[in-house]
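Chains as they are written, first to last, in my numbering: chain A, 922 to 1616; chain B, 24 to 257.
The C-beta atom is built at its ideal place from N, Cα and C for all residues, glycine as well.
Computed from a predicted model, the values in this text were never measured in an experiment.
Below is one structure, written out as structure tokens, with a few remarks after it.
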């Protein structure tokens, strides 16, 4: 095994908003000697924490973009990807998770498992990322790490046990007992940089042994070695450590650590845990798809001598041009190498290679498998796979949700229209869930995204980074149309009056389908010549972009053509496209189309005394309350609510609960719009069309 | 139409016919048995019976997981739909989901006032007009005469029907001569209907042991199919 790889970790820090994730990252950088001074997240002067480097993020006190930074701890090289916490930015989180080998799941010792924690936990599980949990803010009033540990077990369904217990809590929180080494640690010096090891205080003996036993029980469930050692009463530190590492990497076990980043306690022990328990790049299985071989899965080896396979997971526009953050899965690269982008099928030469530290960088000669570095001046989109020439692999495409909300935007003055275009081009490259198009009818520029806040953030960034004042329209929900019945078509397109004629006939049917769209060619006996089959497909597809009810895209449709007719001279590509379009129009109305609206899964966390009001507010919004879970003082209400009803909900919720409740939402499904509302939308659409005709 | 066909043949309706005073607004019923015999299956079938008729139901549970409860509903719904050869299964399913709210209380010893407050919140400001409340996992082994009296009063005041499950535990005998679970004997004033589930050679029979004013031990012509956990008439 390669020593370089063994001493490498790629980790992310996932958390509920305000769990102190940025503060924790800041401390990690400080203890790893990457920064010389500790900034606080909401500092009064001199800017915010180092990782939150965008001005906007500073202002809001939250982290939006995933900056990556490299630190060294105990001779281990750790790449930290700072992941955003808000659900509206999940694509950023998910892209980061794709390149992580392990994660720290930060929880607040008071709030415990909150709605956001569930979301990020789900993401970690989706990408099979092993994690250690860190219960932060032990200095806060009401801190209870034991309760939080139980919640990790119950609410997150993880098998978790404490690796540490606190010495004192809240304002008397002093240090940490390590249940593996059976020692107590205190953090001295002005910034807690001196770690002092002591014996366990006698008053904590009983508690220590109790939780040590709990830990051994949990570990013995997946480690026979430890089970045997327990029976023989010879559990060594080394054995336990190895067992925990194994369990963590196989995701059977989640070690729980704790501390207070703000009070400079426990962070160094957490770093030890990252090194001890989270996997190095070679311990994680990564698969690529061979594009030359029917997308056959191929295992990648973290071996620097093999051809290079890497993944561009993030683009950033810096003052010196575009930076592309890549994760190397196999092989290595160095300055001057030639690489190949398998999506755009373009070759390029590697220019500058840098290792990033928040917003300053270090030039390096090259990098090897497992590493995360940034390249300068590479033209690509995020999510692209970059290989050595000769390989044609794609790393499993990451799941990109469809946007659910759209907004018309316009530059306030002509001068900034240029900059607006630049900003949009850049954002769409960075974030696949952020889309832009120009509506051919209204000629408006429409941006689309995953939620109100998601689009708000980009509008803000246009102002700040590109100095574009924009005027926005009302947010629009992305409706869809779908048919509910099978309907036949038999359509002939004929135009044979003088000159070159057009002729095409298509016969078949359309029917509801579980996916987006499917085209089935069932034509026998060459009634439609082979070369015109794609023309039919193209004709149908062109009709899907705008349904006839309200002009929304059509989903869930299968077209089957069974027969047709052609003319030896007059049939052409365009004739069959037009025939297909006519056929579609003929069948669509008969197939009982309906309008679908996006339904969001909404989770509200509120003090129980406001539960009634929250129920009411969701009910008013055509929401279905699925469940409400109460534990003592808090209720977690889960509901399914149409997106169109959720605009401005955060304000309503805040004022209803004196700001004590919070909610998250994510896209759940499309479902039928009630008839009365559908009528209304169709009427609006009719009027819009009429108005346009008059013009 | 579907609702009617289903409801008329429903074993739940046959159960109700067996009860002298029926069960309805203001009344409290209990299914009692040892763990794992099929109480929850009975409760969920009562809920589904109401839901099929388009009547909203609140399902209160203590310390069970929501997805676990939903799975019960899904499972039994699927089996019922299959049995009845439902045509517009998706639509009915959607309506059922729309009319069901699960209230889950995590802590043991959650105060009854708070449980009732939450139900109240759903009925009042939540505008959720349920008439049937299912309560699964309530611990009858803690002193709870007062709590049950509160539930009963709430049922009467709000004109709701309540269905509880009572998990019996400890050593035999669990029942007195009349077939009444010992643990329930102090709470008779608040409980209108008591049914017990009894294992009998791989079959689960239902016994009616309290029917309003009357204590009796009547074997009902109803049992739980051990395979499907559906109630069937025999």
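* Pick helix, strand or coil for residue 1622 (chain A), following the three-state DSSP scheme. => One cannot answer for residue 1622 (chain A) here, as it falls past the ends of chain A, which runs 922 to 1616.
* Contacts around residue 1448 (chain A), its chain only, beta-carbon distance under 8 angstroms, and the 5 residues preceding and following it disregarded -> 1484, 1485, 1486 and 1487
* Mind checking whether residue 141 (chain B) and residue 160 (chain B) have CB atoms under 8 angstroms apart? -> no
* Helix, strand or coil for residue 1371 (chain A) per DSSP? -> coil
* Proximal residues to residue 933 (chain A) (C-beta, below 6 angstroms), its chain only, five neighbours per side dropped -> 1002, 1004, 1017, 1021 and 1024
* Asked: Got a sec: is the Cβ-Cβ distance from residue 111 (chain B) to anything in chain A below 8 angstroms?
  -> no
* Are residue 1181 (chain A) and residue 1059 (chain A) touching if we call contact CB-CB under 8 angstroms? -> yes
* **Close Cβ partners of residue 73 (chain B) (< 6 angstroms) along its chain, the five nearest in sequence each way excluded** => Same-chain partners within the cutoff: 80 and 155.
* Asked: Which residues bound the beta strand (DSSP E) around residue 1522 (chain A)?
  -> Segment 1514 to 1528, the beta strand (DSSP E) holding residue 1522 (chain A).
* Reference residue 99 (chain B); option with closest CA among B:248, B:226 and B:172 -> B:248
* Bridge-paired residues (DSSP) for residue 1552 (chain A) -> A:1555
* To do: Look up residue 91 (chain B) in the DSSP assignment and say whether it is helix, strand or coil.
  => helix
* Taking only runs that begin and end inside the stretch 94 to 156 of chain B, name each unbroken alpha helix (DSSP H) of 4 or more residues, in chain order. => 112 to 121 and 135 to 146
* Contacts of residue 1313 (chain A) in chain B (Cβ-Cβ under 9 angstroms) -> Within 9 angstroms Cβ-Cβ: nothing; residue 1313 (chain A) doesn't reach chain B, min ~42 angstroms.
* residue 151 (chain B) to residue 145 (chain B) span [Cα, whole Å] -> 6 angstroms
* **Cα-Cα separation between residue 96 (chain B) and residue 1113 (chain A), rounded to whole angstroms** => Cα to Cα, residue 96 (chain B) sits roughly 54 angstroms from residue 1113 (chain A).
* To do: Output, in chain order, the set of chain A residues within a Cβ distance shorter than 9 angstroms of residue 142 (chain B).
  => Residue 142 (chain B) does not reach chain A, its nearest Cβ partner there being about 10 angstroms away, counting only Cβ pairs nearer than 9 angstroms.
* Asked: Taking the Cβ atom as the reference point for each residue, do residue 1355 (chain A) and residue 1303 (chain A) lie within a distance shorter than 8 angstroms?
  -> Taking 8 angstroms as the Cβ cut-off, residue 1355 (chain A) and residue 1303 (chain A) do not qualify as a contacting pair.
* Going by Cα to Cα distance, which pick from A:1367, A:1353 and A:1352 is closest to residue 1359 (chain A)? -> A:1367
* Is the Cβ of residue 148 (chain B) closer than 8 angstroms to any Cβ of chain A? -> yes
* Between the stretch 1518 to 1526 of chain A and the stretch 1433 to 1447 of chain A, are three or more C-beta pairs nearer than 8 angstroms? -> no
* Measure the alpha-carbon distance for residue 1614 (chain A) versus residue 1463 (chain A) and round it to whole angstroms. => 21 angstroms
* To do: Put residue 1314 (chain A) into one of helix, strand or coil per three-state DSSP.
  => Collapsing the DSSP output to three states places residue 1314 (chain A) in a strand.
* Spatially closest choice to residue 178 (chain B) from B:34, B:51 and B:35, by CA coordinates -> B:51
* To do: Determine, using beta carbons only, whether residue 145 (chain B) comes closer than 8 angstroms to chain A.
  => It does: the Cβ of residue 145 (chain B) has a partner Cβ on chain A nearer than 8 angstroms.
* To do: Following the continuous beta strand (DSSP E) through residue 244 (chain B), name the residue where it begins and the one where it ends.
  => 237 to 247
* Interface positions of the stretch 114 to 128 of chain B facing chain A (Cβ-Cβ less than 7 angstroms), listed along the chain -> 120, 121, 124, 125, 126, 127 and 128
* By a C-beta neighbour count over all protein chains shown, 10 Å radius and 16 as the cutoff for buried, is residue 1405 (chain A) buried or exposed? -> exposed
* So who's on the other strand from residue 258 (chain B), going by DSSP bridges? -> Only positions 24 to 257 of chain B appear in this structure, which leaves residue 258 (chain B) out of reach.
* Go to residue 1357 (chain A), then tell me how far its beta strand (DSSP E) extends in each direction, as first and last residue. => 1356 to 1359
* Asked: Terminal residues of the continuous beta strand (DSSP E) containing residue 1426 (chain A)?
  -> 1423 to 1433
* Under 8 angstroms between C-beta atoms, does residue 174 (chain B) make it to chain A? -> By this cut-off, residue 174 (chain B) is not an interface position.
* To do: For residue 1065 (chain A), return the contacting residues in chain B, with the cut-off set at a CB-CB distance below 7 angstroms.
  => Ordered by position in chain B, no residue passes the 7 angstroms Cβ test against residue 1065 (chain A), which lies about 14 angstroms from the chain.
* Can you tell me whether DSSP reads residue 1586 (chain A) as helix, strand or coil? -> Residue 1586 (chain A): strand per DSSP, three-state reduction.
* Beta-carbon neighbours of residue 1540 (chain A), restricted to chain B and to distances below 8 angstroms -> 149, 150 and 151
* Three-state secondary structure assigned by DSSP to residue 1225 (chain A) -> coil
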